[in-house]
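Residue numbers (UniProt numbering): 1 to 270.
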């Protein structure tokens, strides 16, 4: 890679476009791009085969070792443009404190229910109307750690590749197939494939999750932090399960609850 000219103005068109992509989900959808910040996240995304049209590096923040590693990582890919930016400009576009001086444009993969390639007994995590990128990112980390086969979002209220979701997932947004769909499409798809759906909800007829066998085709269906699952989706699931609470609170954070259920399925599957 040749040494690029240093970008020192926040009015540079490339920098202004970064800010638009960072702030506007409509712009991310229109351009088919998102932003990955951080060497670790970028390395994981690159390892998952994500195309990165441009990498922005602040040498002052990144340091020579990190910059050399990234240059080696992207050296075989002439389609990736390398852009150097000043510290003042990078700090304007960075969306987290203590950034390591690395940021990239990425083309996120586009999955559909029909394009998913699943084993005979898939383990799926379903989120209804997820709206907090941090929760989505944390659940993607769980999905990656547990080797779940996909994360499916019904009627999402945030785009799946929101930069903050990518940050919270530490790049696992790209290691687990993630699909946006509707409630009706999900239910029909699961039924056609014999996938049992388990609604996690505070309900009088919910049974403790430890009573169930998750070794077959399984989808855990989780609701929002504030409202839980809609009655329509909860009633349409095959079973309603609950994590018994022994203290004063009646529920866990949705990402924590998802982790508990997911790793119970992993334990049962050996």
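Each residue gets a CB set at the ideal place from its N, CA and C atoms; glycine is no exception.
This structure is a prediction, so every number in the text was calculated from the model and none was measured.
Nearest CA to the CA of residue i: which residue from the options?
i	options	result
residue 186	206, 156, 63, 132	156
residue 140	7, 9, 175, 211	175
residue 146	243, 267, 121	267
residue 161	270, 68, 178, 192	178
residue 195	132, 56, 119, 46	119
residue 98	61, 17, 144	61
residue 228	31, 257, 217, 159	257
residue 135	226, 58, 72, 56	226
residue 89	67, 59, 74	59
residue 131	66, 21, 180, 50	180
residue 114	230, 249, 192	192
residue 70	43, 107, 91	43
residue 106	116, 64, 50, 15	50
residue 255	149, 158, 133	133
residue 15	57, 253, 211	57
residue 110	66, 29, 93	29
residue 188	237, 148, 52	237
residue 45	17, 158, 74	74
residue 129	230, 252, 235	230
residue 149	159, 117, 234	117
residue 158	64, 25, 211, 72	25
Using a Cβ-Cβ cutoff of less than 8 Å, which residues in the same chain neighbour residue i once the five nearest sequence positions on both sides are dropped?
i	result
residue 232	183
residue 209	198, 200, 241, 242, 243, 260, 261, 264
residue 207	239, 240, 241, 242
residue 95	22, 35, 37, 163, 164, 167
With a threshold of 6 Å on Cβ separation, who are the neighbours of residue i within its own chain once the five nearest residues in sequence on each side are excluded?
i	result
residue 127	153, 222
residue 81	54
residue 203	240
residue 213	none
residue 48	174, 175
residue 246	none
residue 137	165, 168, 169
residue 215	268, 269
residue 143	125, 151, 176
residue 18	93
residue 171	41, 44, 45
Using the DSSP secondary-structure output, state which residues sit across from residue i in a beta bridge.
i	result
residue 107	51
residue 83	56
residue 239	198
residue 228	224
residue 102	57
residue 208	242
residue 257	Paired residue(s): none; residue 257 is not in a bridge.
residue 219	124, 197
For residue i, which residues from the same chain have a beta carbon less than 7 Å from its beta carbon, with the 5 sequence-adjacent residues on both sides left out?
i	result
residue 27	20, 21
residue 32	107
residue 217	121, 122, 193, 194, 195, 196
residue 250	202
residue 67	57, 59
residue 190	197, 219
residue 112	179
Answer yes or no: does any C-beta atom of chain D fall closer than 9 Å to that of residue i?
i	result
residue 58	Of the chains in the structure shown, none is chain D; there is only one protein chain.
### Message
Which runs of the beta strand (DSSP E) at least 3 residues long sit entirely within the region 7–40? Give them in chain order.
### Response
34–37
#### Entry: Given 8 Å, three or more beta-carbon pairs between the region 97–112 and the region 30–45
yes
#### Entry: Contiguous beta strand (DSSP E) assignments of at least 3 residues, all confined to the region 118–206
123–128, 150–154, 178–181, 196–200
### Task
Please confirm if the region 123–137 is in contact with the region 61–80, defined as three or more CB-CB distances below 8 Å between the two stretches.
no
### Three-pair Cβ contact test at 8 Å for the region 82–94 versus the region 6–18
yes
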